[in-house]
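What follows is a single structure, written as structure tokens, with notes after it.
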Amino acid sequence: MTHVSSLPPERIHPALWRASQLARGQGGYLPSGYAELNNELPGNGWPQGQLTEILLPQIGTAELSLLKPALSQLDGRPIVLLTPPYVPQALAFACTGLQSSQLIWIRCQKHVDALWAAEQVLRNSSCGALLFWTSSIRSEALRRLHLAAQSSETLFFLMRDMRAAQQASPAPLRLSVQTSQYGLELGILKRRGSQRDAPLALHVPDHPYLYAYAHPGKEKLATNYGNLPTTVDSRSPAFTPA
898 MTHVSSLPPE RIHPALWRAS QLARGQGGYL PSGYAELNNE LPGNGWPQGQ
948 LTEILLPQIG TAELSLLKPA LSQLDGRPIV LLTPPYVPQA LAFACTGLQS
998 SQLIWIRCQK HVDALWAAEQ VLRNSSCGAL LFWTSSIRSE ALRRLHLAAQ
1048 SSETLFFLMR DMRAAQQASP APLRLSVQTS QYGLELGILK RRGSQRDAPL
1098 ALHVPDHPYL YAYAHPGKEK LATNYGNLPT TVDSRSPAFT PA
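This is how it looks when you write it as structure tokens:
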């Protein structure tokens, strides 16, 4: 008879793990597309049916570069872009292997409408991924969305400002992401398992721009989708062939 103390913690309960190991919770996981990142994520990939927070110094700079390898594995399931900071570029998404018919772009004038839309998408459970950009969100709304996510197998990413790192969150996984000379630099702020203090460097291949920009001749284009004021440089190409 095996003594209880000799059993792996996850055999006793899925929510248990040793402090020296990465945990694997209930639900599915989707490979991130980066082997070095998979090694640092519980379950060796992005969790499905859970809230994952992506914190950025400037929203709209790096998140799609990080997530597009995983999004391309969704076998044609819908991908919801909720209040993105810029206009999504459908042709550029197509060059990454995604079909434009997969994309559902939702704009909301009020923050409360965006929260309602996010919850409905998660509870419907028919979409492969929900990417939600927000400038601010209360802790009770975070808990509500995380609870809604657990009733689905949807990849759920919430993009927030880096300053939110100091705020408490129910998200089991929180990453900071910023661009570097050779790709992306990730900080693992929270995960189920041992802590990683050093940032993780990811090499990101050249890719098409995934947002549309201003028309030629205009220096700047200001947009305001879902109460997310942004300014983008119009001299960057809106689309680069693969």
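My numbering applies: residue 898 is where the sequence shown begins, and numbers increase by one.
Note that CB positions come from ideal geometry on N, CA and C, so glycine has one too.
The alpha carbon of Trp1002 has as its nearest neighbour, out of Glu1016, Leu1019 and Val984, the alpha carbon of Val984. Beta-bridge partners of Tyr926 (DSSP): Pro944. Sorting His1100, Gly930 and Ala1061 by C-alpha distance to the C-alpha of Lys1087 places Ala1061 at the top.
The alpha carbon of Gln955 has as its nearest neighbour, out of Gly1080, Trp1030 and Cys1005, the alpha carbon of Trp1030. By the C-beta density criterion, Gln1064 is exposed, having fewer than 16 other C-beta atoms within 10 angstroms.
Taking all protein chains in view, the Cβ of Lys965 is crowded by 16 or more other Cβ atoms within 10 Å, so the residue is classified as buried. Judged by DSSP secondary structure, Glu1082 falls within the beta strand (DSSP E) whose first and last residues are Gly1080 to Lys1087. Nearest to Arg1035 by C-alpha distance, out of Leu1052, Gln1047 and Leu1012, is Leu1012.
Between Ser929 and Ala967, the CB-CB gap stays under 8 Å. Taking the C-beta atoms as reference points, Ala1046 is found nearer than 8 Å to Leu948.
The Cβ neighbour count for Gln999, taken over all protein chains shown within 10 Å, is at least 16; the residue is labelled buried. In this structure, DSSP gives Leu1019 a helical state, which the three-state scheme calls helix.
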